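Notes follow the structure.
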Amino acid sequence: MEAKDNSRRNFIKQSTLLTAIALTPGTAVKAAGMHIDEKIAEAFEKMPLKMEVNGVAHNLSVEPRATLLDILREQLDLTGTKKGCDHGQCGACTVHVDGHRVNSCLTLGVMISGKKITTIEGLAKGDELHPMQEAFLKHDGFQCGYCTPGQIMSAVSCIREGHANSEMEIREYMSGNICRCGAYPNIVNAIQEVKEGGQPV
Amino acid sequence: MKQFQYTRAVSQQSTIDAIAKPGTKIIAGGTNLVDLMKRGVTAPDKLVDINNLPLKNITSTKTGLHIGALALNSVVSENSLVLQKQPLLSMALKAGASPQLRNMATVGGNMMQRTRCAYFFDVSMPCNKREPGTGCGAMGGYNRMHAIFGASEQCIAVHPSDMCVGLAALDATVIIAGKKGERRIQFIDFHRLPGDHPEQDNHLAMGEMIIGVDIPDNNFAKNSYYLKIRDRQSYAFALVSVAAALDISNGIIKQARLAMGGVAHKPWRLFDAEKALAGKAATEENFKQAAQIAMRDAKGYEYNSFKIKMAPAVIAEALKHAAGLV
Chain A
11 MEAKDNSRRN FIKQSTLLTA IALTPGTAVK AAGMHIDEKI AEAFEKMPLK
61 MEVNGVAHNL SVEPRATLLD ILREQLDLTG TKKGCDHGQC GACTVHVDGH
111 RVNSCLTLGV MISGKKITTI EGLAKGDELH PMQEAFLKHD GFQCGYCTPG
161 QIMSAVSCIR EGHANSEMEI REYMSGNICR CGAYPNIVNA IQEVKEGGQP
211 V
Chain B
405 MKQFQYTRAV SQQSTIDAIA KPGTKIIAGG TNLVDLMKRG VTAPDKLVDI
455 NNLPLKNITS TKTGLHIGAL ALNSVVSENS LVLQKQPLLS MALKAGASPQ
505 LRNMATVGGN MMQRTRCAYF FDVSMPCNKR EPGTGCGAMG GYNRMHAIFG
555 ASEQCIAVHP SDMCVGLAAL DATVIIAGKK GERRIQFIDF HRLPGDHPEQ
605 DNHLAMGEMI IGVDIPDNNF AKNSYYLKIR DRQSYAFALV SVAAALDISN
655 GIIKQARLAM GGVAHKPWRL FDAEKALAGK AATEENFKQA AQIAMRDAKG
705 YEYNSFKIKM APAVIAEALK HAAGLV
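If you're matching them up, the sequences are chains A and B in order.
Counting along the first sequence from 1, when you hit position 15 you're at 25 in this note's numbering, and nothing is skipped either side.
Counting along the second sequence from 1, when you hit position 197 you're at 601 in this note's numbering, and nothing is skipped either side.
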């Protein structure tokens, strides 16, 4: 499964590169070939970043401009956290930093040094899904599934913060997570069931 | 995003020293700044992260409430002192952004956020705020979200904050630190109108930083309301928003405070309407009259003239909510 996933990701990466070459003028291709971008990057110091992700301590070296989202996906291969808009408008990148939900696309990695991060990969206990994951499956809280990791991370916070007391309140406090398939009624149902079930989240 | 140097501030003084250099910016929550850097709207050489400075406190003072510049929007909105003394501020904060963004955004950063004008955000478009002298794309362009008060030939952008509309209504004071020490200015004087210099959003001078806001005690807690009208129910910028605060005794308004968002380059205080309400009965009729007074200097553009009809209705409705008539 892992190997398959990796080859799929590599395929996407390679085909994206080919598309870029096809679309960019000759000089840009030449610059890319000479790795000019990387040389410029080396002129700026990478910074050490210590953080704990899903209970595992990491000592990384990152550029100041690297977002938490890109570090999770590109350096730690935790691709469950999704890049939707990359501008804080969709919520697909929602993760927990020291227990609080944030948009990882607008969080610079260097700014969360020493903190504890939880991503969608960190919710389940082994093969046992988190109650919110179970509820999303049961209620069909998604269609394409791209926004789902962010929705679930946000939904867990919504209950933890005490903002899941009514359908209206859930809708308001889940408004930072956009679902273009429009699975909202089912997402609300899933959250209400977990909230009413009283299981620890 | 252009590369930059990153440092963590160890003290207020070291921050002030660092930001005296051109190209250096403070970063707190980063929700607006990182977005602008990704888009190339701004490209600082150096960021000073001030999150370790002790500016997160929310405390009662002899005369009111003090809120540190680094207090998170989510924390302020749920703070018991804020809910008890200034519920209007909590309502305004909760009307802004999303829970995730409010968990990152700070009070000082909220004040410093830039306009969401689409021409400002799109670096291929002319914009006097982003690049002085290039013209205003919005003036003759798609200006549905834009200002109906206080615009200039140079810029018709609006300030996007909800929190700032609440603080403007509540007579808050901004505490600023710089090389020469601390100074205080009225919140309503912090942001500026575009005039001939739309690139300047506010009166913070080079080398200065916001360290907090003070809100004086008042009698508005029982009768205040924040009403925000937007294109969707939640998580959108205001078309028009109104912060309304009333001090009512035996059905008579002793004092009123009104501020609007989504209509000007700064939070727009409605001083004339406030004066008209003082001494009057808290009735729907009086609220509608005050709302009309507030609209005297309004000027619409091609796509935003609907705001001139919408705004007085929002003012009257917010006042009705504040007075408990809804």
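Note that beta-carbon positions come from the ideal geometry of N, C-alpha and C, so glycine has one too.
All values reported here derive from a predicted model rather than from experimental measurement.
Interface flag, residue i vs chain B, CB-CB below 7 Å
i       : result
T104(A) : yes
G98(A)  : yes
R111(A) : yes
S71(A)  : no
E84(A)  : no
A13(A)  : Note that A13(A) scores 48 on pLDDT, short of 50, meaning its location in the model is unreliable; the coordinates nonetheless yield the value given after this. No, A13(A) does not count as interfacial toward chain B.
Which listed residue (the options) has its alpha carbon closest to that of residue i
i       : options                               : result
R181(A) : N199(A), C191(A), L82(A) and R190(A)  : N199(A)
R634(B) : V644(B), A473(B), I615(B) and N623(B) : V644(B)
T519(B) : V479(B), G433(B), L440(B) and A702(B) : L440(B)
K429(B) : K466(B), H595(B) and L608(B)          : L608(B)
P458(B) : Q416(B), N483(B), I423(B) and R700(B) : Q416(B)
I188(A) : V66(A), L70(A) and G94(A)             : G94(A)
A76(A)  : H68(A), L116(A), P210(A) and A102(A)  : L116(A)
N456(B) : Y629(B), A647(B), M549(B) and S418(B) : S418(B)
G172(A) : S478(B), A499(B), L650(B) and S628(B) : S478(B)
G541(B) : A726(B), E721(B), Y705(B) and S709(B) : Y705(B)
K489(B) : G728(B), T435(B) and L571(B)          : L571(B)
G151(A) : S71(A), A193(A), L139(A) and Q85(A)   : A193(A)
T170(A) : Q153(A), Q209(A), G155(A) and L139(A) : Looking at the sequence provided, one finds Arg at residue 170(A) rather than Thr. For the residues Q153(A), Q209(A), G155(A) and L139(A), the minimum Cα distance to R170(A) belongs to Q209(A).
K692(B) : K583(B), V718(B), A702(B) and Y707(B) : V718(B)
T538(B) : Y546(B), G665(B) and M529(B)          : M529(B)
S71(A)  : E84(A), Q143(A), R83(A) and K56(A)    : K56(A)
Cβ of residue i within 7 Å of any chain A Cβ
i       : result
M508(B) : yes
Y629(B) : no
V438(B) : yes
Y523(B) : no
L729(B) : no
Cross-chain neighbours of residue i in chain B, by beta carbon under 8 Å
i       : result
R75(A)  : M405, K406, Q407, F408 and M441
M61(A)  : Those within 8 Å of M61(A) in chain B number zero; the least Cβ separation is about 15 Å.
M57(A)  : Y410
G101(A) : S502 and Q504
Cβ-based neighbour list, residue i, same chain, cut-off 6 Å, excluding 5 preceding and 5 following
i       : result
P536(B) : E603
P598(B) : S556, Q558, C559 and H669
H149(A) : N196, N199 and A200
L487(B) : S494
A473(B) : L459, V511, G512, I614, I615 and G616
C191(A) : Q153 and C154
A475(B) : K460, I462 and V511
A642(B) : K632, R634, G665 and G666
Interface residues of chain A facing residue i [CB-CB closer than 8 Å]
i       : result
G434(B) : L116, T117, L118 and M121
Sequence-distant residues of the same chain with beta carbon closer than 7 Å to residue i, five excluded per side
i       : result
E6(A)   : For chain A, the structure presents residues 11 to 211; residue 6(A) sits outside this window and is missing.
V667(B) : A551, I552, F553, V562, V644, K711 and A715
S164(A) : G101, T104, R111, M184, G186 and N187
L79(A)  : T91, K93, C103, S114 and C115
S123(A) : L59, K60 and M61
Q696(B) : P716
S502(B) : Y639
K40(A)  : In this prediction, K40(A) scores a pLDDT of 44, lower than 50, which makes its location untrustworthy; no coordinate-derived value is stated.
Residues near residue i in its chain [Cβ-Cβ closer than 8 Å; skip 5 each side]
i       : result
I656(B) : G683, K684, A685 and A686
V445(B) : R518, F524, F525, V527 and R534
E62(A)  : H68, K125, K126 and I127
L485(B) : I462, T463, S464 and L469
K14(A)  : Any reading at K14(A) must be qualified, since the residue scores a pLDDT of 49, below 50, and its modelled position is unreliable; no value is offered.
R596(B) : Q604, D605, N606, H607, H669 and K670
D621(B) : T467, G468, L469 and K489
I580(B) : E586, R587, R588, I589, L608, E612, M613, I614 and I615
I420(B) : A581, G582, K583, G611, E612 and M613
Chain E within 7 Å of residue i, Cβ atoms only
i       : result
L608(B) : Absent from the structure is chain E; the protein chains it does hold are A and B.
Practice prompt. Closer than 7 Å, Cβ to Cβ, to anything on chain B: give me those residues from the region 173-205 of chain A, in chain order.
Written response: So the close ones are E182, Y183, S185 and G186.
- Identify each residue in the region 441-469 of chain B for which the Cβ-Cβ distance to at least one residue of chain A is less than 9 Å, and report them in chain order. M441, K442, R443, L451, D453 and N455
Q.
Can you pull out the residues from the region 488-516 of chain B whose beta carbon lies closer than 7 Å to at least one beta carbon of chain A?
A. S502, P503, Q504, L505, N507 and M508
Please list the residues of the region 631-643 of chain B that have a C-beta atom closer than 8 Å to any C-beta atom in chain A, keeping them in chain order.
-> Q637, S638 and Y639
- Query: Listed from N- to C-terminal order along the chain, which residues in the region 151-175 of chain A have their beta-carbon within a distance smaller than 8 Å of any beta-carbon of chain B?
  - Reply: S164, S167, C168, E171 and H173
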